[in-house]
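Residue numbers for the sequence shown follow the numbering used here, so the first one is 4 and each next one is one higher.
Just so you know, even glycine gets a beta-carbon here, dropped at the ideal spot from N, CA and C.
Working notes for the structure below.
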Amino acid sequence: MAEPAGEEPTPDPTNEDEADVAGANLYVGVMVSGTSSDAPDHEPLYEESFVLVSADTLDEAEDKAIRLGIEDEGSSINEAGETIEWTLLHSVDVKEVVDGEIFDGATLYVRHFTDYEAYGALEPVIYAEAEAVEEEASETPPDASTPESAPPATSTSRSAPASTRSQTPSSRPGAERRPSSGPGPARTPGLA
Numbered sequence: 004m005a006e007p008a009g010e011e012p013t014p015d016p017t018n019e020d021e022a023d024v025a026g027a028n029l030y031v032g033v034m035v036s037g038t039s040s041d042a043p044d045h046e047p048l049y050e051e052s053f054v055l056v057s058a059d060t061l062d063e064a065e066d067k068a069i070r071l072g073i074e075d076e077g078s079s080i081n082e083a084g085e086t087i088e089w090t091l092l093h094s095v096d097v098k099e100v101v102d103g104e105i106f107d108g109a110t111l112y113v114r115h116f117t118d119y120e121a122y123g124a125l126e127p128v129i130y131a132e133a134e135a136v137e138e139e140a141s142e143t144p145p146d147a148s149t150p151e152s153a154p155p156a157t158s159t160s161r162s163a164p165a166s167t168r169s170q171t172p173s174s175r176p177g178a179e180r181r182p183s184s185g186p187g188p189a190r191t192p193g194l195a
């Protein structure tokens with residue numbers, strides 16, 4: 004039965020993935036997937052995704068996050084007619100939602116790191132912004148109105164250019180979900 008226009012579909016309480024999460028413990032799972040192909044010139048592409056999971060315990064949330072990651076595995080045919088396989092590689096981390104519930108402005112997931120350059124290697128936007136600032140600084144001679152000790156201004160944009168964003172498994176053309184035939188990927192220790 005179709006929902007009236009403008010109304011959200013009612014979750015199916017018999018389907019644990021669609022059940023209302025009100026009152027449930029909410030977790031965020033960080034999953035890494037990658038591509039493989041028989042194509043001789045295939046360059047692997049990797050994807051980090053953050054999955055919201057409701058569960059009673061952390062162990063249950065970890066298992067569910069892996070199951071959801073495996074369900075998102077699939078294959079598609081690229082423009083050259085080659086089959087590209089997406090596979091879950093790791094469940095990197097599963098943590099309870101920081102603010103405990105979902106609301107506008109809620110903090111869902113936090114992790115800390117000590118090597119900003121290593122993080123920047125994974126985030127091309129960070130390096131692109133830094134290079135643009137360095138380039139601008141080298142082209143503009145300092146003047147009396149700008150103290151030389153002042154740090155350069157940087158953009159606060161947090162979204163990657165469209166060319167660096169990957170598609171989610173369910174939105175990949177031709178991606179089919181399939182159950183796993185194995186135990187799934189190994190869990191890797193989370194970050195502090």
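Please report the straight-line C-alpha distance between residue i and residue j, rounded to a whole angstrom.
i              : j             : result
proline 150    : aspartate 118 : At proline 150 the pLDDT is 46, less than 50, meaning the model places this residue with poor confidence; the figure from the coordinates comes in the next sentence. Proline 150 and aspartate 118: Cα-Cα distance of roughly 28 Å.
glycine 32     : valine 128    : 23 Å
glutamate 50   : serine 141    : 35 Å
isoleucine 105 : alanine 58    : 15 Å
serine 158     : glutamate 132 : Only weak support exists for where serine 158 lies, its pLDDT of 35 falling under 50; the value from the coordinates is given anyway. Taking the straight line from one Cα to the other gives about 7 Å.
valine 101     : aspartate 44  : 42 Å
valine 136     : glycine 108   : 30 Å
Look at the Cβ atom of residue i, then the Cβ atom of residue j, and state whether they are nearer than 8 Å.
i             : j          : result
threonine 86  : serine 40  : yes
isoleucine 73 : leucine 61 : no
valine 97     : alanine 64 : yes
For residue i, which option in the options has the closest C-alpha, if you only look at C-alpha atoms?
i                 : options                          : result
tyrosine 112      : Ala124, Phe106, Glu99 and Tyr122 : Glu99
serine 52         : Glu82, Trp89 and Phe116          : Trp89
asparagine 81     : Lys67, Ala42 and Ala135          : Ala42
phenylalanine 116 : Leu125, Ala27 and Ala83          : Leu125
Report all residues from its chain with a CB closer than 7 Å to the CB of residue i; omit the five preceding and five following residues, and keep chain order.
i            : result
leucine 55   : Leu29 and Val31
alanine 123  : Reading the sequence as shown, one finds glycine at residue 123 and not alanine. These residues qualify, in order along the chain: Ile129 and Tyr130.
lysine 243   : The chain is shown only over 4 to 195; residue 243 falls outside these bounds and no answer can be derived.
threonine 38 : Pro47, Leu48, Ile87, Glu88 and Trp89
Closer than 6 Å by C-beta to residue i: which residues in its own chain qualify, once you throw out the five before and the five after it? Chain order, please.
i           : result
alanine 121 : none
Segments of 3+ residues assigned as beta strand (DSSP E) that fall wholly inside the region 62 to 126: List check, beta strand (DSSP E) in window: 77 to 80 and 86 to 99.
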